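Student: Numbering (the numbering used here), first residue to last: 1 to 308. The beta carbon of each residue, even a glycine, is placed where N, CA and C say it ideally should be. Values in this document were obtained by computation on a predicted structure and should not be read as measured data.
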């Protein structure tokens with residue numbers, strides 16, 4: 001077996017396949033082991049992925065586009081050569097606000113917490129606010145970091161709202177916080193993708209193929225209704241801060257391809273076009289982008305699927 005594959009992802013229930021695959025030995029059965037680290041921010045993730053500390057990342061599709069277009073929010077130690085390997089999750093990203101915020105109108109004059117101001121899911125929030133009739137002069141965006149940090153900042157009253165994913169969205173609802181909108185409001189919008197360096201992938205093809213096959217095996221196991229109870233136990237064990245009553249709804253979201261895990265890790269091309277549309281509209285660089293294939297190479301995925 002090769003050295004463990006170092007993978008970095010955001011905290012959240014979408015990491016269930018990594019938990020389950022490692023516990024059940026499904027990656028190892030394909031000849032690869034996976035070490036998972038959760039990132040404090042998209043900037044940390046991009047910086048250390050490009051530097052080689054990690055070989056794979058599970059991240060928002062826009063993060064790949066941003067850094068490949070030289071529009072990332074952190075300086076990298078080399079020219080990036082990232083590409084999207086395959087789809088990962090169709091997570092629902094929710095715009096959550098404090099209980100006293102009842103409508104979009106109440107957002108005016110407030111500060112909102114983001115991971116990064118011009119990458120990731122930021123532009124989805126800009127579109128939500130835009131659709132509600134607000135302008136950029138009506139609010140202030142502040143870079144805070146990953147989901148746990150943003151959720152804490154909103155709870156403390158430092159900021160009026162933020163973008164959350166599960167299980168944080170359900171935790172917020174249960175505590176009386178309000179959801180003003182989600183990415184489900186868009187006709188098409190992708191969740192997360194797997195990304196890697198093109199140079200690393202070319203030099204470590206066998207390892208990447210083994211990971212893809214192991215992950216698809218894991219996904220099949222997690223999405224099998226017969227394994228639902230055990231999957232819930234694995235999620236609870238690996239996310240001990242989740243309340244027991246939140247586990248069931250979280251599993252339900254993960255099982256729904258509209259809000260959770262993507263069967264077969266298929267790439268969402270219509271959603272990627274929406275990502276490029278939003279970046280073209282809201283990114284300060286003003287670059288018009290329209291070709292998703294520039295950021296994708298499905299050859300590894302296709303070969304791995306053919307060899308399963």
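Look at the alpha carbon of residue 131 and the alpha carbon of residue 11, and state the distance between them as a whole number of angstroms.
Tutor: Your numbering for residue 131 matches position 131 in the chain shown. Your numbering for residue 11 matches position 11 in the chain shown. Each residue's Cα considered, the two are about 29 angstroms apart.
Student: Can you tell me which residues form a DSSP beta bridge with residue 35?
Tutor: For the purposes of this step, residue 35 is identified with residue 35 of the chain shown, where counting begins at 1. The partner list for residue 35 (beta bridge, DSSP) reads 6.
Student: Just reading off the beta strand (DSSP E) that residue 24 is part of, what are its end residues?
Tutor: Locating residue 24 in the chain shown gives position 24, where the first residue counts as 1. Not the beta strand (DSSP E): residue 24 falls in the alpha helix (DSSP H), residues 16-24.
Student: Ends of the beta strand (DSSP E) at residue 139?
Tutor: Here residue 139 refers to the residue found at position 139 of the chain shown. Its beta strand (DSSP E) spans residues 139-143.
Student: Ends of the alpha helix (DSSP H) at residue 213?
Tutor: Sequence index remark: in the chain shown, residue 213 carries index 213 (1-based). Looking at the DSSP string, the run of the alpha helix (DSSP H) that includes residue 213 is 205-223.
Student: Quick one: grab the DSSP three-state call for residue 110.
Tutor: As a working note, residue 110 is residue 110 in the chain shown. Looking at residue 110 - three-state DSSP - the assignment turns out to be strand.
Student: Quick check: what's the CA-CA separation for residue 232 versus residue 284?
Tutor: Taking the chain shown and counting its residues from 1, the one referred to as residue 232 is at position 232. Taking the chain shown and counting its residues from 1, the one referred to as residue 284 is at position 284. Taking the straight line from one Cα to the other gives about 42 angstroms.
Student: Excluding five sequence neighbours on each side, which residues of the same chain lie with their C-beta closer than 6 angstroms to the C-beta of residue 169?
Tutor: Position 169 of the chain shown, counted from the first residue, corresponds to residue 169. Cβ within range, chain order: 94.
Student: Roughly how far, in whole angstroms, is the beta-carbon of residue 196 from the beta-carbon of residue 208, given that I think they are within contact range, below 8 angstroms?
Tutor: Looking up residue 196 in the chain shown gives position 196. Looking up residue 208 in the chain shown gives position 208. Residue 196 to residue 208, Cβ: 7 angstroms. Contact.
Student: Let me make sure I understand the geometry here. Which of 55, 14, 9 has the alpha-carbon closest to that of residue 3?
Tutor: Within the chain shown, residue 3 is the residue found at index 3, counting from 1. The residue with the shortest Cα to Cα distance from residue 3 is 55.
Student: Contact check, residue 261 vs residue 272 under 8 angstroms by CB: the rounded distance?
Tutor: The residue you call residue 261 lines up with position 261 of the chain shown. The residue you call residue 272 lines up with position 272 of the chain shown. Between residue 272 and residue 261 the Cβ distance is about 18 angstroms, and since that is not below 8 angstroms, they are no contact.
Student: According to the Cβ coordinates, are residue 80 and residue 46 closer than 9 angstroms?
Tutor: The residue given as residue 80 occupies position 80 in the chain shown. The residue given as residue 46 occupies position 46 in the chain shown. Yes, they are a contact pair.
Student: Give the C-beta separation of residue 31 and residue 210 to the nearest angstrom, bearing in mind that I take them to be a contact with Cβ-Cβ under 8 angstroms.
Tutor: The count along the chain shown starts at 1 and reaches residue 31 at position 31. The count along the chain shown starts at 1 and reaches residue 210 at position 210. That belief holds up - the Cβ atoms of residue 31 and residue 210 are roughly 5 angstroms apart, short of 8 angstroms.
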